[in-house]
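Asker:
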Amino acid sequence: GSETIHQTVRERWLEGDREVVAAMKDFAGYAQAARDLIVAGRGREIGPLLDKNFERRCSIFKMDPLNVAMVNQARSVGAHAKLAGSGGAIVGIYEDDRMYTRLVKAMETVGAVVIKPQMEAD
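Using the working numbering, you'd call the opening residue of the sequence shown number 1 and step up by one each time.
1. Just verifying my parser: in three-state terms, what is the DSSP assignment at Ile46?
2. Is there contact between the stretch 53 to 63 and the stretch 25 to 34, where contact requires at least three CB pairs shorter than 8 Å?
3. Using the Cα positions of Pro48 and Glu108, report the straight-line distance between them to the nearest angstrom.
4. For the alpha helix (DSSP H) containing Val68, list its first residue and its last residue.
5. What residue does the beta strand (DSSP E) around Ala81 start on, and which one ends it?
6. If you measure between the beta carbons of Leu83 and Asn72, is that distance less than 7 Å?
7. Take Val20 and list the residues in its own chain whose beta-carbon comes closer than 8 Å to its own, dropping the five residues that flank it on each side.
8. If you compare alpha carbons, which of Gly85, Ile93, Ala40 is closest to Ala79?
9. With a cut-off of 7 Å, does the C-beta of Trp13 fall near any C-beta of chain C?
10. Rounded to a whole number of angstroms, what is the C-alpha to C-alpha distance between Thr101 and Ala23?
11. What's the gap between the Cα of Gly41 and the Cα of Gln118?
12. Between the Cα of Arg98 and the Cα atoms of Lys116, Ile115, Val77, Gly111, which residue gives the shortest distance?
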């Protein structure tokens with residue numbers, strides 16, 4: 001399970017593995033950059049950061065093929081996506097209703113269901 005995969009990366013972190021330490025710094029940078037964009041009212045621009053996060057994660061973790069398939073399906077319609085954690089879910093952004101419709105259909109091909117959060121403006 002994911003605990004075994006995370007344990008290996010955790011052990012590498014504790015041993016000071018340069019690749020893992022660099023990846024963790026990259027993750028922190030992506031999170032900060034995404035936060036800055038959201039605070040600045042530019043949340044729609046975080047897509048490339050989601051993609052970078054996923055690619056970097058792939059460089060240090062053994063990835064579940066279904067997780068990779070979900071991200072690839074999202075990307076196939078132009079959406080941006082990354083893992084939401086380690087439990088077999090992804091999070092992403094899309095541009096418009098047309099892309100959303102294509103995204104739902106693409107995700108169905110890998111047995112995934114799209115959940116669209118309802119956000120209220122302040």
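Ideal placement from N, C-alpha and C gives every residue a C-beta, glycine not left out. Quantities reported herein were computed from a predicted structural model and do not represent experimental measurements.
Answerer: According to the structure shown:
1. coil
2. yes
3. 24 Å
4. 65 to 76
5. 80 to 83
6. no
7. Val9, Arg12, Trp13, Ile60
8. Ile93
9. Among the protein chains of the structure shown there is no chain C, as only one such chain exists.
10. 34 Å
11. 18 Å
12. Val77
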